[in-house]
Structures are given as C-alpha cells and as structure tokens.
Amino acid sequence: MTTLLDLKSSVLRQVQRSQSLRSRREPPPTASSPLTHCPPEPLPCRVSEESVEFFERMNAILQKQKNMMRAAQAECQIGPCTLPPPQEHVDQALISERVSRTELNLLYEEAVYTVINRVGMPTPEHVKSDDELLAYLLKVFDMGDEEHDIILQKVQESKRASFSLRVSVMKAKNLMAKDANGYSDPYCMLGILVGQSPRETEEKKERKFSFRKRREKLEKRSSTKEVLPARCIQVTEVKPETLNPVWDEHFVFEIDDVHSDRLHLDIWDHDDDVSVAEACKKLNEVSGLRGMGRYFKQIAKSVRANGSASSGSEENVDDFLGCINIPLNEVPVAGYDTWFKLEPRSSASTVQGECHLILKVFTSQRDTTLSKRDTNVSIHKKLLCQIVEYEHAQVKREPYNWNGQVSPPAWTVLTHHAVQTDLSPLQQAIVRWQCYSSHHRNQRVCYSLLLRLLRTIDAEWDPPTVRGDLERQLSDSFRLYTEHCLCLMKNMRQVFPCTSAAAITRYELMLRGIGYMQNMRAFKTVCPLRNELHLDITTAVKKGTSEWYESLIAQYKPEEGSLEEQLKKMVQVIDAVCADLQRAQNIYNKLFYSAVKVDFFSITYRQLEKQVADDVNVAMERVCGSLEQESSRLTQIMGEIIFELFMSLKILKGFREFLPLRDAKMLALTDFHNWFKSSIQKFLQSVHDRSCDRIHKAVETDQLQPVQQAKHSSSAVEVTSCFSQVREIWLQLAWPDSAGAFIFVTRLTDNFCSEAVCYSELMTRKIERNQQGRDYKTFTVQLCIGLNNVEHVRVYLAHLPRDLDRPGVERAMEESCGVEGKEQVYKALNGQLLNMDLDMQREAKRLITLLTDKILPELRRYIQHISLSPDSINNDDAVSPLMKYLQDTMVILTANLVKENLTRVQQSMWELLLRMILDTVTENRGVQVEFYNRFQYTVETLLQFFHVKEDGLSLEDMKSGDYKVLDEELRLNKCSSFVLIEHYYLEKISLQKTLKHTPYGRISVKCYYDPPEQRLTVEILHAADIIALDANGLSDPFVIVELCPHHLFPAAKSQRTQVKLKTLHPVFDELFYFHVSPEQYRHRYACLTFTVMDYDWLSTNDFAGEAVAPLSDFCWPGRPNASAAGKNVQPVILHLSRSKPSDKPIMRMLDARTGDREAQEFVRRLKEIEKSMEED
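The sequence shown begins at 4 in our numbering and counts up by one.
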C-alpha cells in the first residue's frame, strides 16, 4: 500500500502539471556543462540542426545491438584465410633446452651406426643408398666433413651389431583333419636354419626340410651338420581337437647371418602319448650341444623309449600338417605381420591352411657410446627430436600447419633405428608424442598431428609395459603440454582471434586434443592427480578473461578526464565486452563445449559482468551525486552518453539469456537500472525538449504540400517520425521496475500529448497567417492539409498505449500493487490521452471554423436568395445556386481531406447551414406557409446531399440537434393557431410528468369522472410549500382551476377556491364540477390547469405557480369513477412550476400572428402571467 501511495503522489504531481497541455512548456537544458545549476529559461523560437543530429545519434545508439549482431555474423562467416594466425607465445619455462655439440656428435654416431647396420627388405618409401642417408644426416646434424670421417671410421671399426629374431606364432586356420573325429591336435615346431653355400642350396632345391625323418634315413647321415643344420628348436603348446588353433606364443632366436639364415616352421598333429614335442622341449634345456643330428637322435631315442608297445611301427607317429620357410633377408625392415600359406615337405604330401606369424629382426647388441649409456627409448627420442627440428625448418609454406610428415631419408633412418633398438609400437608412439609436443612448444605444428599421436598412444596402450622412466617422461609430457594449452587458452583472444579462420581451426583442434587427452587411459594412469582438467581449463579461461578486461581498462583509461569523458570511455569498454561476449557465444562456446565440455560463455559472462558492474556502479554514483543537487540539469551530450551507457549495459545484461537457468540468478547487473533512475528521468526531459525543437522546425519549414500519395505534408511525417523514435527509445530502455515504468510512461505520455497539442497549435497559427493574400482555392487546399496533419498525428497517438506497452505496465502494477495499481495506471494515462484528444479536436475545430468563415458569406447569400425568392419560382430553381456552390466546394474538400476530416467538415457545414436556415425561419415567423415549405424542401435537399447514398454523413447524426429544432420550427410554423396552442399544452403535460421536486411547492387534488352524467369532479385538497410573495414572508393563496385549451372547452368557465390568508400551506377541501364529453377528453392535449395565485388587495394578484393534469388520467374508461363520493380515489400530488412562456418557440410563433385573434388572446393571457412573475 505504501508503494501505491508513493506512486499516486508522484503521478499526481506530473498529471497536475499537465492538466492544461496548451500551457505546458518546460525549459530546455543548457550546454554549458554536464550538470548545470541555473534557473529555467524559455524555449527559443528558432532551433538549429542540433535536434535533428540528436535524434540521428539516438538512432545510431538504438541500432548498436543490431550492428553488433551483424558484425558477429560476419565474423562467423569468415571464409578461408591465407594470412597466418598470430604467434602462439608461451612461457619460456615450457621450452626445452638446446642439445650440446658433444651430445650431437654421440647422437650422430648412433645414426651412422644405424645406417651401416641396416637389415631387412626395404619398402618403396625407404632410401636404399647408404651414401644418400649419410648425406642427409650431415645436413641434419650440421656436421663437417672431417668430423663425419672420424665418426664414420669409428663406426666401421666397431663391432658389428648382433641380431635376433622375434617370432610370434599367433594362430592358424583351415588345417588338415588327421584324426578320426574330423579334427587335429596341432602344434608348431620352429627354428633357425643356418645359411648354406650357393652349391648346397642348388643341390637341395628339390627336397624339403623337415624336423621329423624316418629312423633308417637318419642312421645313414654322415655328419650332424648335414642332418639338421638348425641352431635350436622351439615348440608351441598342443591345441586339441581344432582345425583353427590359436597359440599366441612368442619366441626369440639368435641369428648368425641375417642375410642367409632362414626361419623354418612345421605344424604337426599330435598322436603319441609322449611325442617328439615333449622330447624336443627337454632337449632344448641341454646346453653345449652341437649339430641337429645329435638332437634328433636323442629325440628319436626318447620317442622309442617312451612310445607304445608297437614301437617298431609308425601307427603312433605324429602326422605332418605343413611347413613354412622364410629367408630372413626377405623380412621387411618393419617386420612381418601376415598370414603364410602352409607348404608340403614333398610333392607327395597334401597340406592345406595358413598360419599367422609376426616377425621382427632387431639388434641384441650395439657397439655405440649412447647405447652403452642411455636407454634405447631415450636415444630414439633424441634422434627423432633432431630430425623433426631439421624437417620442420625445411617447410616454407604454412609451417604452422605442418602435419609431421618427414622426408624419405628421415623416415628410413627413424624406422631402422626403431627396429634395431626393438622399440614396441607403444614405445614409438610415446617417443613421437614427446618429441612433437616438445617441439610444438617452440615451433608450432598442426594440432591434428598431436591429436593423431594421442590416439596412437591410446590405441597401443598397455600399462604393464610402461614403467619407470618412460612412465615419468610420459607424465611430464602430458603436464607440459597441458600447461602450454592452458597458457594459450588464457591468451586466446590474442592467439586465436575470430577474425582468423586459420586460428579458429587451430583452436578447435587444440581443444579437441586436450579434451581427448583427459579421457585417455594413458593420461589417467600416468597423471592420476589431474583427474579434473576441466577445472584447470575453467580457471585459465576466468583468469584470461579478467586479464583481458584489465587490458581494456588500461587501453581506454575510463578513470581519466572529465565526467563526460569517463562515461564515454566506459561505454567503449562495455561495447568491447559485448562484442567479446558475442564472439564467445557464437564461436568459442561451441568449441569448448563440444571438445572439453566446459561452458565457456557462462564463465566469461559472469567474470566480465561482475567487473563491468563494479566499474559502472562507481561511475554512476558520481553522476547521481551531482544530479541530486538542487536545480541540477543534464546537458544534451551528458544525457546522450548516459543513455548510451544504459543501452550498452542492457545489451550486456541481455546476454544472460544464454546462461543456464541456475546461473542467471542474482548477477551483478540484475538491478543496474536503479543506478540510472534520476539521470534517465532528466534524459527524457532532454528528449522532450529536443522533440519540441524538432516540431517547431518541422512546422516552420513545412510548405503545406502533400507528400507522395498521402494527403498530409512533411511536418506530420516529421512529427510522427519523432514520436516513433522516442517510442523506440522507451521500448529499448525496457525499464524492468513496474513502479518506475509507471512513472516514466506517465511522463512520456504527458510529453507526447503536450508535443501533439503544441504541433496542432503551431499548425493552426501557420494556417491563420497563410490566409492573408491567398485565393480561396489555395487557402482551402492548405487548410485541408493542415487538418490532415493534425488528424495524422492524433491517429498516431491513438495507438500510444499499445506503443508504450501500457498493458505490460498494468500487469506489472497489478502484480506489485494489486487491482488498485492497475486502475491507477488506466486512469492516469487515459486522463492524459483524453485531454490531449480534446485539445487536438479543439484545434481541428478552429481550422474548420477558418474554412466555414471563408464560405459563410457565400452561404448567407444563397440562403437569402432562397428566402427572398417569390412563390412563383420553383423550389429547385431557388435552391440550385446553393447546391452548385456546395458541390464545387465539396469537390475540393473531397480531393484534399482524409475521410475522417471530410466527415468533420461536412458535419460542420451541415450544422452551419441548419443554424442559418433556422435563423432565417425564426426571423420570418408569421409569413405564408409556402415560405416554410420551401425551406423544408431545402433542408431535405441538403440532407440528401450530405448523406450521399450512405457515403457521407449518417442520417442518424444529421437528424439530431439543430435539425430537430429546425424541423419542429418548420412544422409548427405551418400549423394553425389552435394546433400551436394544443402543442403548447402537450409540452406542459410532458414537462409536468418530469417534475419531481420544485422550489414552488405542490398541490394535492382528487379528480374522478362520472360517465353517465359526463361530469368531472375536481376536489382541491391542499397545497404545501407555496412560495412567499408578501412582505411578511407569507402568501394569501387561492387556486384557479380550468379546462384547457379554451377552444376545446368553449362553454367551460374557470373556477376558483377561497383565499387562504397568511399561509404557505393552505388547506382548501373544495369541490368543483365540469361538464366533459367523451369527444373532449379523448384528446391528448385536453387537460386541467391549476394556477396558484397570491391575493393582493391593492394591486393585481401575483402568480405563485401552476400545474397541469391531462384528462386522460381521470376520464378514460377504466379510470376511478365517482362511486361513494370519490372516497376510493387516491389524491394526486402535482408539483408547481413557474416557467416563462416567452421562452417557448410556440409562444413566439403565436405572438408573430398579429392578425389572429385567438393567437393574440392566448399570448395576452400568458404575458400577464409572465409580467406578474417579473414583478415578483
């Protein structure tokens, strides 16, 4: 209730000031200082272009948000950009140290050793020439020839590398079924066959080798070397009852000659209880044995000793399923990982199926300095880093987009080194990641490369194989890369600007990489304490946003300069913040959320909003402190800046719609409008002053020429355009507080109304000045345009409640103050609009009066022509000049007036003509009937002319007011005197029925009719509250009763009661009898008149009042009769009246009939009564 009372008092103060919109003129602010303290000054008559420029600036401010949206959309639609993205400067602490020359020499030795000891079948992408590889290494290590020769000689003199073969027997498929159940029980026996001379190879080309031979053939061999020249034998597990066995067993064999040795593998079906497989396994445990012959003899003995009873037969010997022979010099550099088709041991053998093997040749011993000091992983990482640095330096086009692809020599060296040092795929993946991520911190590469390396680690991840230093190094690489990315995120606005498509692409890949890394199994294993990386990202974004805002403050320095300059700089800061938030919402937020599931926009908005709110609050406290001083006014510039600041904050606050609901509550800018209450109120006054200036200028420059297809001129367009801009200013303000919005809407409505009235007054004065020296048609056209201008503005303001969102204000007030608050809004605003509409219609009537004054002489002349036309002239001929003039005038009006104004002008002309005809008829009472008939015809002709087949005035509107008076005047003037007298009494009867309480008292009577006797009995009972007509304050009343009109009751005489002395409440109780026939009482005008008179001894009696009673109330069938002397009839109370007869038109008509004796007699009697009233 307190809030509502405060609102009422505030609004009442404003409304009371605007009760007369015509007189409301508030002084404009001066431009001497932002806040000046000076007495009001009158509004200057002549205005400059400042008002136009003011509204142009306001429009630019209102368009700011749209322009910002367009700019943001343009940024989002940036196409391919050839310019490189900005440099990604990071903390120098994250950059690796350079390698010393000594270390480079040792690393160069390692590389040369790798080239000299190359093995394996090269692939097409590998370089085969040692010279080409060594020449490449010279460039990579920037090595001189002398140093190269020394290192090369050292390598050549060093011990050759020792090689080993790793064999993984994975599985087989589609093997031959050897058992009765349709399956086999397969196992593999494999070993290395030492190299042979070319002649031996040719001799044995036709026969296949097998670990199993018949006993008699074995005994015929002359030497162990010839029997089975294999270094050792390895056997897999037996897989029972399957044709598709899966072994997944791994073996390592030492190799004497990697260029001539072969891998041999047999697959057997196990049939013995104790087979060759078990014996072979036992013999493999024996050390120091030479030659496969001795091996096989012991295998055969074991089989015979532990076999079945029929050892001499071959029923329990294992069945051969196939074999594989692989020369080691045919194994690719990177090894084999493929299916091999099984071969028969002779042309008579039948085999089928394939076996999946993984083969890899590596060095088991290397004679280099680094290999004796560092691990293979560490050496390979150093070599890779050196090559990567060189390779990246050779990229000239878009080096920042380098995908890590190296040249064939680099790839050859790296591949051979990784194979020779027996690095697993996971180790190689980790080394590549460490190298490239470290190199990226110094010389950026494509983030897709880093993401690809992370995926490789994740695909190869095997936790048991990553332990010790490798685990620690991987953890450090993850940490350094994470810190590097967080550093870039903090500086993302400089490093990854939206204006660079290449930068945005890089940023997206970086975020995807960091998002992928935090979900990797490897990352979770080696960095168990960094399981909330999104919190680190949030912190980096928040800190980067805060530092960016501080850089804005340092750039614009809003704390320096005058108050105006400080606020203007603050606007620039907020606009930059809004642009940044727009980019955050359109671009960055999508990247962050899709990659790392971080709400970048919410973090950025909350941080920036808080910092902006703190700075603006401090600035507005200084402004409000100055405005609260007495007589403080805003300059135009200060008002514009405050409005722009408010709009910028509103745009900033509007971004909260993109926040999650839980984040949108209790933010720093929630009630920021409270900082602007006093300043916005003064700003609206400034807007009003500028609007008035603009309106004056518009009227002053208006040529009163219609614009385009419209019927109004330029000033109306300018005024409504001004109103539209002010309305848009209010709508853009969107004041959230219902109480404040009510006050502001009331103020704006008051301003609009006063401006509209001011415009209509200025337009009226302009038209009045222009009528001097103008011809009739030109003046009429300009007057029509002026009328249309006023109507155009009035119609525009009819939508003001909707335009100012009055329903919204009503709802808000109803929510805060109840129904009474809503009614208060409705009453206040409707009252202002009603006063404005009345004032504008008044000005429109003034303009219409100017028009009618112009045509009045001509109309008077044509009416006089009709009046003076002789009876011999036809009515059409008498009226035609008037109608011709009206027709010509209406053509001009119809062409230049809008429909609403045309209707008003037609109505005004119609009323003017009616008054002129009425005056003419009134002045010519008592003439011949033909005179009235002619004017009756004139009125009917005008009625049809202005109605125009329902396109003009409505008949209902036309036949009201003066028309009824004129029509009655004409009709009565055509009547006889008796008829006029009868109308006189009908009017009195009608008036009597309307009387309730009068100051002249009342009279109580009884009247009843005796039909058989045709006798009317009148019983006058008493009177009350008679007016005092004597000097003693009393009267001597008596009552005259008579039947009227006299010409209807020629035989009836008036009768009177006795005089009751000195009383105002006389009691008469007297009876009177009148003879009344049915033919007489059936007339509606037949009545009894009761005239109360004051008896005087020395002069004429005084008239105290009269009353009438129609006979129809007593004499008609069904009315109370004279039975029982009228005791059953209820008294009738009649109120007395004292109306002047001369005020009635009928009286004047009868008085004008000087030759009519009845009329003159009737007038004489009434004049006597009127004279008596005047003497009283």
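Using N, Cα and C, we set each Cβ at its ideal position, and we do this for glycine too. Computed from a predicted model, the values in this text were never measured in an experiment.
Quiz item: Is the distance from the Cβ of H984 to the Cβ of Y1003 below 7 Å?
Solution: Within the sequence shown, numbered from 1, the residue matching residue 984 stands at position 981. Within the sequence shown, numbered from 1, the residue matching residue 1003 stands at position 1000. Reading off the sequence, residue 984 comes out as Ile, not His. It is not a contact, given that the beta carbons lie outside the stated cut-off.
Self-check item: Rounded separation between T607 and A587 - CA only
Solution: Residue mapping note: residue 607 aligns to position 604 of the sequence shown, counting from 1. Residue mapping note: residue 587 aligns to position 584 of the sequence shown, counting from 1. Their backbone Cα atoms lie some 8 Å apart in a straight line.
Quiz item: Using the rule of at least 16 other Cβ atoms within 10 Å of the residue's Cβ for burial, across every protein chain shown, is D705 buried or exposed?
Solution: Residue mapping note: residue 705 aligns to position 702 of the sequence shown, counting from 1. Around the C-beta of D705, 16 or more other C-beta atoms lie within 10 Å, and the residue is accordingly described as buried.
Exercise. For the stretch 919-928 and the stretch 956-973, state whether three or more C-beta atom pairs, one from each stretch, are separated by less than 8 Å.
Key: Result yes; three or more Cβ-Cβ pairs closer than 8 Å.
Practice problem: Give the range of the beta strand (DSSP E) segment to which V690 is assigned. | Solution: Within the sequence shown, residue 690 is the residue found at index 687, counting from 1. First-last for V690: K680 to T704, but that is the alpha helix (DSSP H), not the beta strand (DSSP E).
Quiz prompt | Exposure of T353, with buried meaning 16 or more beta-carbon neighbours within 10 Å | solution = To locate residue 353, count along the sequence shown from 1; it is residue 350. So T353 ends up on the exposed side.
Quiz item: Would DSSP call L733 helix, strand or coil?
Solution: Within the sequence shown, numbered from 1, the residue matching residue 733 stands at position 730. It should be noted that the sequence gives Trp, not Leu, for residue 733. Helix at W733.
Quiz item: In the structure shown, what three-state DSSP assignment does I1149 receive?
Solution: In the sequence shown, residue 1149 corresponds to position 1146, counting from 1. Note: I1149 maps to helix in three-state DSSP.
Practice problem: Please list the segments of the alpha helix (DSSP H) lying wholly inside the stretch 831-916, counting only runs of 4 or more residues, in order along the chain. | Solution: Those alpha helix (DSSP H) runs which fall completely within the stretch 831-916 and span 4+ residues are 878-899.
Quiz item: Counting only runs that start and end within the stretch 968-1029, where is the beta strand (DSSP E) found for 3 or more residues in a row?
Solution: Within the stretch 968-1029, the complete beta strand (DSSP E) runs of at least 3 residues are 1005-1013 and 1018-1027.
Quiz item: Should the stretch 259-274 be regarded as contacting the stretch 331-348, the criterion being three or more beta carbon pairs within less than 8 Å?
Solution: At 8 Å Cβ cutoff, the stretches touch.
Quiz item: What are the uninterrupted segments assigned as beta strand (DSSP E) that are 3 or more residues long and contained completely in the stretch 229-272, given in chain order?
Solution: For secondary structure counted as the beta strand (DSSP E) over 3 or more consecutive residues, the stretch 229-272 holds these complete runs in sequence order: 233-238, 249-258 and 265-272.
Practice problem: Measure from the alpha carbon of G356 to the alpha carbon of each residue in S54, K344 and K399, then state which is nearest. | Solution: Within the sequence shown, the letter at position 353 stands for residue 356. Closest by C-alpha distance to G356, out of S54, K344 and K399, is K344.
Quiz item: Going by beta carbon distance, what residues of the same chain come within less than 6 Å of L452, once the five residues before and after it are set aside?
Solution: Locating residue 452 in the sequence shown gives position 449, where the first residue counts as 1. Excluding residues up to 5 positions away in sequence, N406 and G407 lie with their Cβ nearer than 6 Å to the Cβ of L452 in the same chain.
Quiz prompt | Burial state of Y1084, where buried means 16 or more other Cβ atoms lie within 10 Å | solution = Position 1081 of the sequence shown, counted from the first residue, corresponds to residue 1084. So Y1084 ends up on the buried side.
Quiz prompt | Residues sharing a beta bridge with D1097, DSSP | solution = Looking up residue 1097 in the sequence shown gives position 1094. Answer is P1040 and D1105, bridged to D1097.
Quiz item: Using a Cβ-Cβ cut-off of 6 Å (strictly less than) and excluding sequence neighbours within five positions of V498, which residues of its own chain qualify?
Solution: Mapped onto the sequence shown, residue 498 falls at position 495. Answer for V498: P89, E91 and L491, listed in chain order.
Quiz item: So, is S741 buried or exposed, given that buried needs 16 or more other C-beta atoms within 10 angstroms?
Solution: Within the sequence shown, residue 741 is the residue found at index 738, counting from 1. Classification of S741: buried, given that the 10 Å Cβ count is 16 or more.
Self-check item: Opening and closing residue of the beta strand (DSSP E) in which S171 lies
Solution: Your numbering for residue 171 matches position 168 in the sequence shown. S165 to K176 is the extent of the beta strand (DSSP E) around S171.
Quiz item: Quick one: what's got a C-beta closer than 6 Å to H253's C-beta in the same chain, skipping five residues either side?
Solution: Start at 1 with the first residue of the sequence shown, and residue 253 comes out as number 250. Around H253, the same chain offers S171 as residues with beta carbons nearer than 6 Å, after the five sequence neighbours per side are excluded.
Practice problem: Out of M1096, R1141 and C1090, state which residue places its alpha-carbon closest to the alpha-carbon of W1119. | Solution: Counting from 1 along the sequence shown, the entry for residue 1119 is found at position 1116. Minimum Cα distance to W1119 is reached at C1090.
Quiz item: Looking at the structure shown, is R455 part of a helix, part of a strand, or coil, going by DSSP?
Solution: If you number the sequence shown from 1, residue 455 lands on position 452. If DSSP states are grouped into helix, strand and coil, R455 belongs with the helices.
Practice problem: Would you mind reading off the limits of the beta strand (DSSP E) that contains L1137? | Solution: By one-based count along the sequence shown, residue 1137 stands at place 1134. Per DSSP, the continuous beta strand (DSSP E) segment holding L1137 begins and ends at V1135 to H1138.
Quiz prompt | Rounded straight-line distance, which links the Cα of T485 to that of A598 | solution = Here residue 598 corresponds to residue number 595 of the sequence shown, with the count starting at 1. Here residue 485 corresponds to residue number 482 of the sequence shown, with the count starting at 1. A598 and T485 have their alpha carbons spaced roughly 14 Å apart.
Self-check item: Distance between L1153 and V1166 (C-alpha atoms, nearest Å)
Solution: The count along the sequence shown starts at 1 and reaches residue 1166 at position 1163. The count along the sequence shown starts at 1 and reaches residue 1153 at position 1150. Answer to the nearest angstrom: the Cα atoms are 7 Å apart.
Exercise. Sort S1102, A1107 and L1101 by Cα distance to T1094 and report the nearest one.
Key: Indexing the sequence shown from 1 puts residue 1094 at position 1091. For the residues S1102, A1107 and L1101, the minimum Cα distance to T1094 belongs to A1107.
Quiz item: Roughly how many angstroms lie between the CA atoms of R907 and H1050, to the nearest whole one?
Solution: For this step, residue 907 is matched to residue 904 along the sequence shown. For this step, residue 1050 is matched to residue 1047 along the sequence shown. R907 and H1050 have their C-alpha atoms roughly 48 Å apart.
Quiz item: Is there contact between the stretch 497-513 and the stretch 557-566, where contact requires at least three CB pairs shorter than 8 Å?
Solution: Segments in contact, no.
Quiz item: What are the uninterrupted segments assigned as alpha helix (DSSP H) that are 4 or more residues long and contained completely in the stretch 558-601, given in chain order?
Solution: Taken in chain order, the complete alpha helix (DSSP H) segments of 4 residues or longer contained in the stretch 558-601 are 566-586 and 592-599.
Quiz prompt | Separation of S875 from Q712, as counted between CA atoms | solution = In the sequence shown, counting from the first residue as 1, residue 712 sits at position 709. In the sequence shown, counting from the first residue as 1, residue 875 sits at position 872. Counting only the Cα atoms, S875 lies some 50 Å from Q712.
Quiz item: Rounded to a whole number of angstroms, what is the C-alpha to C-alpha distance between E647 and A622?
Solution: For the purposes of this step, residue 647 is taken as the residue at position 644 of the sequence shown. For the purposes of this step, residue 622 is taken as the residue at position 619 of the sequence shown. Each residue's CA atom was taken as its position, placing E647 and A622 some 14 Å apart.
Quiz item: When DSSP labels each residue in this structure, what does S1 get in the three-state scheme?
Solution: This structure does not reach residue 1, given that the chain is present from 4 up to 1179, and the question cannot be answered.
Self-check item: Pairwise C-alpha distance: W436 and G518
Solution: Position 515 of the sequence shown, counted from the first residue, corresponds to residue 518. Position 433 of the sequence shown, counted from the first residue, corresponds to residue 436. Each residue's alpha carbon lies about 16 Å from the other.
Quiz item: Beta carbon of K653: closer than 6 Å to some heavy atom of the ligand MG?
Solution: The ligand MG is not part of this structure, which contains no ligands at all.
Quiz item: Does the distance from the C-beta atom of E1173 to that of S1145 stay below 7 Å?
Solution: Stepping through the sequence shown from its first residue, residue 1173 is reached at position 1170. Stepping through the sequence shown from its first residue, residue 1145 is reached at position 1142. Against a cut-off of 7 Å, the Cβ pair of S1145 and E1173 comes out as a contact.
Quiz item: Does the beta-carbon distance from S187 to D321 come in below 7 Å?
Solution: Here residue 187 refers to the residue found at position 184 when the sequence shown is read from its first residue. Here residue 321 refers to the residue found at position 318 when the sequence shown is read from its first residue. When the beta-carbon positions are compared, S187 and D321 stay at least 7 Å from each other.
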